[in-house]
Each structure stands twice: as C-alpha cells, then as structure tokens.
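Report on one structure; see the data block that follows.
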Amino acid sequence: MTILLYDLVGRDTARPFSPHCWKAAMALAHKGLDISTVPTRFLEVPTVEGGVSKLVPVIRDGEKVVADSFAIALYLNGAYPERPTLFSGDGGKAMARFIERWSQLTIHPYVTTAAIMDLHAMQDEANAAYFRQNREQRFGKRLEEVMAARDAGLGAFRAWLEPFRSTLAYQPFIGGQSPLFADYIIFGALQWARIASPYRLLDDSDVVAQWFERCLDLHDGLGRKVAAAAAAA
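Going left to right, the sequence shown walks through residues 1 to 233 as the UniProt record's numbering numbers them.
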C-alpha cells in the first residue's frame with residue numbers, strides 16, 4: 001500500500017523545502033517504501049487529516065496517521081522491521097535524538113537567518129503574508145532585519161559544524177559506513193537551505209559539503225530531484 005506524505009511546498013508544488021519533511025522523505029526511501037506526496041502549503045496544514053497536527057510532515061499508512069518527523073521514523077522502524085533499520089538499536093535512537101536537538105539549536109537558527117527572505121519569496125501571496133506575520137511575530141523584527149545578520153554569522157555557523165567535521169574524519173556517515181536517521185536529520189536542514197536559497201553555507205572543500213553530496217546521491221538521487229535554488233539574474 002502506498003504511504004501518503006504531506007509535504008510542505010510554496011508557490012511551486014515541485015519544490016518541497018521543509019527540513020522536517022525531507023527527513024521523513026529520506027526515512028521512507030531508506031525503508032524502500034512506496035509513497036505519494038501531497039503538496040501542502042502553510043495555510044493548508046491545519047486541514048491535513050482533520051487537523052491532526054499544527055505542522056507537517058504527516059504520513060498516512062493505511063489507517064495509521066503519524067505526525068512529526070522523529071515519530072514517523074520511529075513508526076516506520078517498528079512497522080517495517082524487515083527493511084533496513086533507521087536507528088540500529090536503542091542507542092541509535094538516543095543518538096538521533098541528540099543530533100536532532102543539536103541541529104535544531106545550531107543549524108536551524110542560522111539557516112533561518114540566511115534563507116528567510118528566500119523562503120518568503122517562495123510563497124504565493126496569501127502564504128507569503130502568513131509567513132511574514134508569523135515569523136516577524138516570532139522574531140520581534142522584520143524579515144529583512146533577520147536576514148541582515150547572515151554575513152556576520154557565517155563564520156560562527158561554520159565553526160559550529162566542527163564536531164561533525166571531526167566525526168567525518170572517521171567515517172563517511174554519522175551512522176558509520178552507511179546512513180541512519182541521524183544523517184537525515186542534518187541532511188534535512190542543509191537541503192532546506194539548498195532548495196530555498198542560493199546563499200553558500202559551505203565551501204566545496206568542506207568535508208561536511210562532501211558528506212552532503214553523498215547524501216544527495218542516496219536512494220537514487222532523491223535529494224537531487226529538486227534542483228538547488230538559482231541566484232537571481
């Protein structure tokens with residue numbers, strides 16, 4: 001049976017950008033499951049599956065509805081144990097939870113700073129108005145003021161990745177010789193930036209950038225099926 005994935009999009013339904021939805025998409029691909037995506041804009045999220053969640057991703061697998069990327073990964077690992085593991089045991093689950101917290105407290109804030117105006121530009125008129133109002137209320141400043149800090153913050157962002165960089169000196173993925181859900185957590189954050197904005201977060205020589213390229217190639221190049229954001233002409 002095909003699993004439905006409600007996937008966050010902007011004006012262009014072929015450019016899903018949410019880091020959390022990408023985590024879920026990669027987890028589903030890791031398990032080799034058939035999926036059908038449901039393009040969903042910000043203002044449509046409250047209607048998904050009768051309002052089951054304020055956020056996407058949400059999946060429907062037969063009669064089962066699951067919200068939240070981590071909960072989805074846990075569900076898939078339990079429901080399809082005969083397929084490749086997303087965690088490789090309870091230790092892998094605990095490791096992935098740490099990676100999730102680290103990513104959302106370090107990578108996500110800077111990607112938001114770097115890409116916020118590009119994310120706004122991806123929306124249609126109604127969703128752009130919602131995005132601006134919601135984010136400006138959250139940050140207490142205009143979107144333009146949020147983005148103004150990105151150049152000054154780039155060096156610190158790259159420095160924050162040093163523990164990850166050091167880990168990649170030992171192994172090609174966080175999961176070891178092959179990826180686990182922990183890899184998809186960080187991949188989702190960087191894929192969010194790649195799709196939303198042409199702003200360069202990493203140099204090509206950075207081992208984190210090289211790891212990201214490996215992740216883009218996973219699952220028949222799933223990540224590459226959405227092109228990187230192009231710079232304005």
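Glycine residues also receive a C-beta, built at the ideal position from the N, C-alpha and C atoms.
The structure displayed is predicted, hence computed values, not measured ones.
| query | What three-state label does DSSP hand residue 4 in the structure shown? | reply | For this step, residue 4 is matched to residue 4 along the sequence shown. The answer is strand: DSSP assigns residue 4 an E or B state.
| task | Compare the Cα-Cα distances from residue 84 to each of 178, 212 and 138 and report the closest residue. | result | Sequence index remark: in the sequence shown, residue 84 carries index 84 (1-based). With distances taken between Cα atoms, residue 84 lies closest to 178.
| task | Output the boundary residues of the alpha helix (DSSP H) element that contains residue 208. | result | Reading the sequence shown from its first residue, position 208 is the one you call residue 208. Note, residue 208: alpha helix (DSSP H), 207-221.
| message | Using C-beta distances below 8 angstroms, list every residue in its chain close to residue 79, excluding the 5 sequence neighbours before and after it, in chain order. | response | By one-based count along the sequence shown, residue 79 stands at place 79. Within the same chain, residue 79 has close Cβ partners 61 and 64.
| message | If the criterion is Cβ atoms closer than 8 angstroms, does the pair residue 195 and residue 15 meet it? | response | Working through the sequence shown from its first residue, we reach residue 195 at position 195. Working through the sequence shown from its first residue, we reach residue 15 at position 15. Annotated as proximal: residue 195 and residue 15, with beta-carbon spacing under 8 angstroms.
| beta strand (DSSP E) runs contained entirely in the segment 135-206, provided each spans 3 or more residues | Counting whole runs of 3 or more residues, the segment 135-206 contains no beta strand (DSSP E) stretch at all.
| Is the distance from the Cβ of residue 192 to the Cβ of residue 17 below 8 angstroms? | The residue given as residue 192 occupies position 192 in the sequence shown. The residue given as residue 17 occupies position 17 in the sequence shown. Yes, the pair counts as a contact, with Cβ atoms nearer than the cut-off.
| message | Once DSSP output is grouped into helix, strand and coil, what is the label at residue 69? | response | In the sequence shown, residue 69 corresponds to position 69, counting from 1. Secondary structure of residue 69 (DSSP, three-state): helix.
| Taking the C-alpha atoms as reference points, what is the distance between residue 27 and residue 226? | As a first step, residue 27 must be located in the sequence shown, where it is residue number 27. As a first step, residue 226 must be located in the sequence shown, where it is residue number 226. Just so you know, the alpha carbons of residue 27 and residue 226 end up roughly 17 angstroms apart.
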